[in-house]
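Asker:
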Amino acid sequence: MDPNQHEPDLPAPPESATPAPVAAEKKISRRQMLINIAIGGGGLALLIAALFSNRWRNKDDEMAGLSFVIPEGAGAEVNNSTLVSAITLPTDITFEPGEEAAISVKNEDSVPLRAGPFVILPGQTYTQRFPNPGEFFIACTVDPAESITVTVLEG
């Protein structure tokens with residue numbers, strides 16, 4: 543480049559290219575802050591309650607009350623594992639005073655299987671508890687003949 547030559551002047555940026563003003567920082571009112579804290583605290587309390595519930599501690603994995611086991615290989619005996627019951631459960635169950643009123647079904651097979659109205663995942667145990675006296679109906683929507691009536695007698 544020749545030292546006598548000057549670089550061409552660049553055009554000035556258009557006026558519309560000026561940066562937009564920065565918005566003022568929005569302040570949260572004391573009331574809104576208290577509402578946010580209450581919502582967050584409530585959510586935290588629900589999380590803690592869930593972590594200490596029986597379902598999260600796997601207490602339901604323990605066999606309780608009247609227990610049934612779906613044996614390993616039972617899935618090979620049924621054509622469609624969730625349409626045909628792998629084991630037969632009684633349809634009328636009565637718990638006397640002092641008995642642990644619960645039905646547990648454990649699936650020792652490697653596929654989800656049905657036992658009456660319950661579908662149990664492989665290796666899982668499902669426990670239905672009945673803490674109060676009364677009559678309870680558990681509907682089987684696949685085969686209504688496999689619905690269960692549970693009676694818990696008052697002591």
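In the working numbering, each number is its position in the sequence shown, counted from 1, plus 542.
Where a beta carbon is used, it is the ideal one built from N, C-alpha and C, also for glycine.
Quick caveat: nothing in here was measured; it's all calculated off a predicted structure.
(1) Which residue or residues does DSSP assign as beta-bridge partners of valine 620?
(2) Less than 8 Å between the beta carbons of alanine 628 and leucine 663, yes or no?
(3) If I follow the unbroken beta strand (DSSP E) through serine 646, where does it start and stop?
(4) In this structure, what does DSSP give as the bridge partners for alanine 657?
(5) Short check: CB of serine 646 to CB of phenylalanine 678, under 8 Å?
(6) Classify proline 686 as buried or exposed, calling it buried when 16 or more other Cβ atoms lie within 10 Å of its own Cβ.
(7) From aspartate 602 to methionine 575, what distance separates their C-alpha atoms?
(8) DSSP three-state call for isoleucine 577: helix, strand or coil?
(9) Distance, Cα to Cα, glutamate 642 vs isoleucine 579?
(10) Whole angstroms are fine: how far does the CA of valine 626 sit from the CA of threonine 667?
(11) Quick one, which of Ile570, Glu650, Ala644, Ala657 has its alpha-carbon nearest serine 695's?
(12) Just to confirm, does phenylalanine 660 get its C-beta within under 7 Å of one of the non-hydrogen atoms of the ligand MN?
Answerer: The answer reads as follows:
(1) Paired residue(s): none; valine 620 is not in a bridge.
(2) For alanine 628 and leucine 663, no; Cβs fall outside 8 Å.
(3) Counting along the chain, serine 646 sits inside the beta strand (DSSP E) bounded by residues 644 to 649.
(4) Partner residues in the beta bridge of alanine 657, as assigned by DSSP, are Ile629, Phe660.
(5) No, the Cβ-Cβ distance between serine 646 and phenylalanine 678 is not below 8 Å.
(6) Exposure of proline 686 is indicated by the presence of fewer than 16 other C-beta atoms within 10 angstroms of its C-beta.
(7) Note that aspartate 602 has pLDDT 47, beneath the 50 cutoff, so the model's placement of it is unreliable and no number is given.
(8) The answer is helix: DSSP assigns isoleucine 577 an H, G or I state.
(9) Cα-Cα distance, rounded: 42 Å.
(10) Their Cα atoms are separated by approximately 19 Å.
(11) Here the sequence assigns leucine to residue 695, which means serine is not the residue at that position. With respect to the C-alpha of leucine 695, the residue from Ile570, Glu650, Ala644, Ala657 having the closest C-alpha is Ala644.
(12) Because no ligand of any kind appears in the structure shown, any question about the ligand MN cannot be addressed here.
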